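For the record, the sequence lines run as chains A and E. Everything in the first sequence is counted per our numbering, starting at 1 for the first residue and increasing by one. Everything in the second sequence is counted per our numbering, starting at 1 for the first residue and increasing by one.
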Amino acid sequence: MRLRIQKAMLVFRKDWREVSRNWQVILPIVVIPFMFSVLLPVLLVLIPSLAATPGTSLGGFETMIQNLPKHVQDELAGMTDQQVMVYIMSLYFFAPFFLIIPLMASSVIASDSFAGEKERKTIEALLATPISDSELFLGKILVSFIPSMMVTVVSFIIYSTVVDLFSFAIFNGRLLLPNLVWILLIFGLAPTVALASIGLTVMISAKVKGFREAQQISVILLIPILALVFGQVTGAIIFGPVVVTALIGFFAIIDLAVFKIGVKLFKREEILSKLA
Amino acid sequence: MSSVETNGLTRRFGSLMAVDHLSFEVKEGEVFGLLGPNGAGKTTTVRMLACLISPSEGSARVGGYDIGRDSLKVRQIVGILTENPSLYERLTAYENMDFFAEAYGLSDVQEKRNRIRELLEFFELWKRRNDKVATFSKGMKQKLAIARALVHKPPILFLDEPTAGLDPESSKGIRDLMERLSQREKHTILLCTHHLEDAEKLCSRVMIINRGKSVIVGSPDELRDKIAGQPVLQVTLKKLNQKIIEAVKELKQVKEVDVDDSASRLIITLDDVKSATPEVVRSIVYAGGMVLSVNALRPSLEETYLKLVKEE
Numbered sequence: 001m002r003l004r005i006q007k008a009m010l011v012f013r014k015d016w017r018e019v020s021r022n023w024q025v026i027l028p029i030v031v032i033p034f035m036f037s038v039l040l041p042v043l044l045v046l047i048p049s050l051a052a053t054p055g056t057s058l059g060g061f062e063t064m065i066q067n068l069p070k071h072v073q074d075e076l077a078g079m080t081d082q083q084v085m086v087y088i089m090s091l092y093f094f095a096p097f098f099l100i101i102p103l104m105a106s107s108v109i110a111s112d113s114f115a116g117e118k119e120r121k122t123i124e125a126l127l128a129t130p131i132s133d134s135e136l137f138l139g140k141i142l143v144s145f146i147p148s149m150m151v152t153v154v155s156f157i158i159y160s161t162v163v164d165l166f167s168f169a170i171f172n173g174r175l176l177l178p179n180l181v182w183i184l185l186i187f188g189l190a191p192t193v194a195l196a197s198i199g200l201t202v203m204i205s206a207k208v209k210g211f212r213e214a215q216q217i218s219v220i221l222l223i224p225i226l227a228l229v230f231g232q233v234t235g236a237i238i239f240g241p242v243v244v245t246a247l248i249g250f251f252a253i254i255d256l257a258v259f260k261i262g263v264k265l266f267k268r269e270e271i272l273s274k275l276a
Numbered sequence: 001m002s003s004v005e006t007n008g009l010t011r012r013f014g015s016l017m018a019v020d021h022l023s024f025e026v027k028e029g030e031v032f033g034l035l036g037p038n039g040a041g042k043t044t045t046v047r048m049l050a051c052l053i054s055p056s057e058g059s060a061r062v063g064g065y066d067i068g069r070d071s072l073k074v075r076q077i078v079g080i081l082t083e084n085p086s087l088y089e090r091l092t093a094y095e096n097m098d099f100f101a102e103a104y105g106l107s108d109v110q111e112k113r114n115r116i117r118e119l120l121e122f123f124e125l126w127k128r129r130n131d132k133v134a135t136f137s138k139g140m141k142q143k144l145a146i147a148r149a150l151v152h153k154p155p156i157l158f159l160d161e162p163t164a165g166l167d168p169e170s171s172k173g174i175r176d177l178m179e180r181l182s183q184r185e186k187h188t189i190l191l192c193t194h195h196l197e198d199a200e201k202l203c204s205r206v207m208i209i210n211r212g213k214s215v216i217v218g219s220p221d222e223l224r225d226k227i228a229g230q231p232v233l234q235v236t237l238k239k240l241n242q243k244i245i246e247a248v249k250e251l252k253q254v255k256e257v258d259v260d261d262s263a264s265r266l267i268i269t270l271d272d273v274k275s276a277t278p279e280v281v282r283s284i285v286y287a288g289g290m291v292l293s294v295n296a297l298r299p300s301l302e303e304t305y306l307k308l309v310k311e312e
């Protein structure tokens with residue numbers, strides 16, 4: 001049977017109305033991105049770099065800088081240590097955190113998708129409607145995906161503004177963001193990574209009995225993304241345009257596979273059987 | 001024509017046999033009751049018929065569609081009141097109705113608004129339409145859940161325990177509403193209940209199920225006749241004495257006489273109450289008895305039901 005997008009959007013609208021009226025869900029969605037996009041960069045990089053005198057040591061970042069590929073090393077040529085630190089931290093160190101933002105923002109909603117309906121005993125009437133399995137599954141994915149991506153894009157705009165405010169002063173009027181890598185990251189890699197994670201979390205949510213169980217299991221999904229963060233910090237993986245494009249392609253294939261497998265494994269007849 | 005037809009419908013949960021080869025038929029326009037104690041298999045049966053869980057064995061057709069092959073079509077023509085009201089408490093009454101109206105395919109905005117308004121007015125909830133469901137009483141939630149089940153004008157309705165947990169006044173309100181529904185909108189209704197009053201007042205036929213198995217099917221009157229036999233004759237006298245009792249016992253149509261001295265009452269079991277009543281009354285009068293009242297008593301459906309469930 002063909003997938004009717006308007007039915008999936010109907011599930012999305014209904015769920016979003018519910019979610020937007022629940023402060024326990026909204027609060028982490030707003031607070032966590034704020035921490036990553038404003039608080040951490042300002043506290044960890046920008047203020048210390050402004051406070052430091054020219055000639056400040058790069059300290060622990062020496063290793064990371066040494067491991068950078070040649071084209072990045074070339075970008076750093078002629079910069080002061082202070083400028084190198086702000087440049088590397090702002091453009092490379094914080095990049096993978098923007099993959100964590102959509103994951104963390106979506107985790108609560110995605111875990112709640114089916115498990116929450118089971119707990120609140122609303123699932124039976126929903127499953128009784130003539131909305132198909134794939135439409136239900138897609139609707140539940142969208143209600144996690146759309147808000148988390150909106151939060152990510154807004155965080156990116158705020159982060160870019162904060163970084164540019166500082167870089168304007170430090171780089172004598174130069175604005176560092178947005179650049180190609182970050183645009184690919186925010187509009188290509190973040191959505192594809194988020195979709196894979198949300199798809200898997202919704203699948204888990206449909207299988208387990210309660211929200212807490214779903215959330216605990218879904219935390220495991222953060223591990224591969226944390227590996228990317230550490231890879232970037234240690235200089236093992238550097239987010240250049242080629243790497244990011246390759247990762248987008250890789251996660252797009254994962255997304256398709258997750259959706260297909262998710263729909264196949266999502267059997268509404270099993271959800272109530274397990275609760276019975 | 002049958003609206004619902006099941007053939008050996010069975011559902012197991014591990015080693016538990018929840019529904020055991022159930023076969024029955026619900027005719028178009030009929031109010032059919034599934035009556036049984038808690039855990040008898042009523043909800044599981046309805047869930048299978050509404051394509052919410054799949055049967056382990058057997059088959060069923062709802063509105064002519066097979067529940068296995070045409071599950072989306074079955075869902076389209078069925079309205080279901082689930083065991084729990086299953087309402088979104090953070091949404092308003094109108095938002096709940098709006099979601100389900102669209103989910104069931106009411107895409108024309110004006111038609112949808114009219115239908116929601118008609119139902120909320122019918123269930124006396126229109127004034128509270130913009131209030132969150134979390135603020136509603138249990139009775140109001142139940143009414144809203146029934147309104148939701150009707151939003152797409154389904155020809156077949158499955159109502160699972162519509163009066164469960166309600167106070168007597170709300171229960172009566174829901175019963176009256178169901179009566180109006182079956183008479184006014186001519187729905188085929190499959191009613192699951194363990195409230196005998198619901199079954200007795202609303203259903204044209206009742207199937208008593210216990211431990212997943214069908215015990216008996218028939219109209220409430222037929223069930224009473226089949227299980228508890230013929231009615232008994234209850235004669236209340238001004239004063240009861242041994243001479244009267246002996247006179248009654250001597251009659252050949254009389255099978256058994258129970259005496260209630262405190263109420264000066266005789267409860268007489270007869271082969272045929274209708275034809276034997278004049279003879280019984282005459283013998284009492286000849287024996288000097290002064291008759292205050294004569295009633296042919298049928299056992300209540302409750303007595304019948306309890307007897308059956310106990311035997312099982």
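Beta carbons are placed, not taken as given, at the ideal position from N, Cα and C, and that holds for glycine. Here the structure is a predicted model, which is why all the values come from computation and not from measurement.
query	result
Amino acids of chain A, ordered along the chain, whose beta-carbon sits closer than 8 Å to that of S3 (chain E)	Those within 8 Å of S3 (chain E) in chain A number zero; the least Cβ separation is about 17 Å.
Chain E contact for G55 (chain A) (CB, 8 Å cutoff)	Because the pLDDT of G55 (chain A) is 49, which lies under 50, any placement of that residue in the model is unreliable, and the number read from its coordinates should be weighed accordingly. By this cut-off, G55 (chain A) is not an interface position.
8 Å contact criterion, which I67 (chain E) and L49 (chain E) should meet: CB distance rounded	6 Å
Proximity below 8 Å, CB of I189 (chain E) to CB of L159 (chain E)	yes
I220 (chain A) classed as buried or exposed, judged by whether at least 16 other C-beta atoms fall within 10 angstroms	exposed
The segment 193 to 205 of chain A in contact with the segment 252 to 262 of chain A per 3-pair CB rule at 8 Å	yes
Element boundaries [alpha helix (DSSP H), containing R212 (chain A)]	211 to 218
Meets three-Cβ-pair contact criterion under 8 Å: the segment 77 to 86 of chain A and the segment 119 to 131 of chain A	no
Touch test, the segment 210 to 221 of chain E against the segment 16 to 25 of chain E, Cβ-Cβ under 8 Å, three pairs minimum	yes
Spatial distance of V285 (chain E) from R298 (chain E) (CA atoms)	24 Å
Reference V254 (chain E), options E:G64, E:E161, E:D271, closest by Cα	E:D271
Q234 (chain E), DSSP secondary structure in three states	strand
One or two residues paired with E256 (chain E) in a DSSP bridge	E:T269
Cβ-based contacts, 7 Å cut-off: residues of the segment 192 to 212 of chain E near chain A	none
Helix, strand or coil at R11 (chain E) [DSSP, three-state]	strand
First and last residue of the uninterrupted beta strand (DSSP E) at H71 (chain A)	Where H71 (chain A) is concerned, there is no enclosing beta strand (DSSP E), although the alpha helix (DSSP H) it sits in stretches over 70 to 76.
CB contact check: E95 (chain E) to chain A, cutoff 8 Å	yes
Distance between I268 (chain E) and A276 (chain E) (C-alpha atoms, nearest Å)	11 Å
Short-range partners of chain A found in the segment 154 to 182 of chain E, where Cβ spacing is below 7 Å	none
Bridge partner(s) assigned by DSSP for A276 (chain E)	In DSSP, A276 (chain E) forms no bridge with anything.
With 16 other Cβ atoms within 10 Å as the buried cut-off, status of F12 (chain A)	buried
Short CB-CB distance (under 8 Å) between R113 (chain E) and chain A	no
T163 (chain E), DSSP secondary structure in three states	coil
Sequence-distant residues of its chain with Cβ nearer than 6 Å to V232 (chain E) (five each side left out)	I267, T269, L297
Exposure of Q66 (chain A), with buried meaning 16 or more beta-carbon neighbours within 10 Å	exposed
Where the alpha helix (DSSP H) containing A199 (chain E) begins and where it ends	196 to 202
From E:V273, E:T236, E:K249, E:R129, residue whose alpha carbon lies closest to that of D261 (chain E)	E:T236
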